[in-house]
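*Asks:* Residue numbers (this note's numbering): 1 to 101.
Pasting a structure below so you can have a look.
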């Protein structure tokens with residue numbers, strides 16, 4: 001590996017949270033974990049994309065917009081328990097990659 005790139009692969013900390021390297025995926029379209037246009041749901045396509053990025057050694061992933069309120073249907077999204085149950089099932093596999101979300 002080129003020595004100039006070595007710092008990218010060193011760990012760093014945000015507070016007491018250690019990030020395995022300095023490669024970060026910033027927020028962008030397609031990286032949402034929760035959708036709201038289709039009656040608030042866990043976004044499987046966004047989760048699949050994020051998982052693929054995590055498996056390719058990205059240290060920190062900043063997901064896209066995570067809505068808290070659906071203005072179209074007038075709903076608070078935290079009340080959708082299924083959406084969070086789906087996230088809870090997905091997170092252990094994500095944690096195996098060593099990436100942080």
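From the three backbone atoms N, C-alpha and C, an ideal C-beta is built for every residue, glycine too.
Because the structure is a prediction, the values reported are computed rather than measured.
(1) Among residues of its own chain, excluding the 5 on either side of residue 35, which ones have a beta-carbon nearer than 6 Å to its beta-carbon?
(2) Considering only C-alpha positions, which residue in the set 6, 29, 23 and 86 is nearest to residue 65?
(3) Identify, in the order they occur along the chain, each residue of the same chain with its Cβ nearer than 6 Å to the Cβ of residue 103, setting aside the five sequence neighbours on each side.
(4) When the distance is taken between beta carbons, is residue 63 closer than 8 Å to residue 77?
(5) Determine the burial state of residue 83: buried for a count of at least 16 other Cβ atoms within 10 Å of its Cβ, exposed for fewer.
(6) Can you check which of these residues, 98, 90 and 23, is closest to residue 33 by C-alpha distance?
*Replies:* Checking against the coordinates, here is how it stands:
(1) Taking the first residue of the chain shown as 1, we reach residue 35 at position 35. The residues are 41 and 43.
(2) Along the chain shown, read from residue 1 onward, the residue named residue 65 stands at position 65. When each option's Cα is compared against that of residue 65, the closest is 29.
(3) Examination of residue 103 is not possible in this model, given that the chain is present from 1 through 101 alone.
(4) Taking the first residue of the chain shown as 1, we reach residue 77 at position 77. Taking the first residue of the chain shown as 1, we reach residue 63 at position 63. Not in contact: residue 77 and residue 63 (Cβ atoms no closer than 8 Å).
(5) As a working note, residue 83 is residue 83 in the chain shown. The residue is buried, with at least 16 neighbouring Cβ atoms inside 10 Å.
(6) Here residue 33 refers to the residue found at position 33 when the chain shown is read from its first residue. Nearest option by C-alpha distance: 90.
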